[in-house]
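Just so we're aligned, residue -18 is where the sequence shown starts under this note's numbering, counting upward by one.
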Amino acid sequence: MEKEFNSELIEDAAASLSWTLTARNGFRLTLDNVPRSGGQSLLDCPDKEAVFAGYNLSELPDKVFADFCNEVVRHAYRKSANEENLVR
């Protein structure tokens, strides 16, 4: 069974990754890549470890961390599909 994560944590992590990528790659490219990749582009962020370090996730078991990452991806994709902003 997949763990349920705090929705504010998921939103914040997705927004942090998105804005980190925006600073690196520009707004348009980041905005276009999220729906095109199904949200996966956020996890391709070169600064992903630094972003996630702020959430004290290092002690999560690998499976739970993978579930967390998948939830961030799904959330970002849903928001982009609905043309909603990720807010931090």
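Don't be surprised by glycine CBs; every beta carbon is placed ideally from N, CA and C. Model, not experiment: these values are computed from the prediction.
In its chain, beyond the 5 residues on either side, Ala(-5), Ser(-1), Val15, Gly20, Leu23 and Leu67 have a beta carbon closer than 7 Å to the beta carbon of Ala57.
Across the structure, Thr11 and Thr1 are spaced so that their CA atoms are roughly 10 Å apart. Val68 sits in coil when the DSSP states are folded into three classes, being neither helix nor strand. For Pro16, the enclosing alpha helix (DSSP H) stretches over residues Phe8 to Arg17. Distance from the CA of Phe49 to the CA of Ala62, rounded to the nearest whole angstrom, comes to 20 Å.
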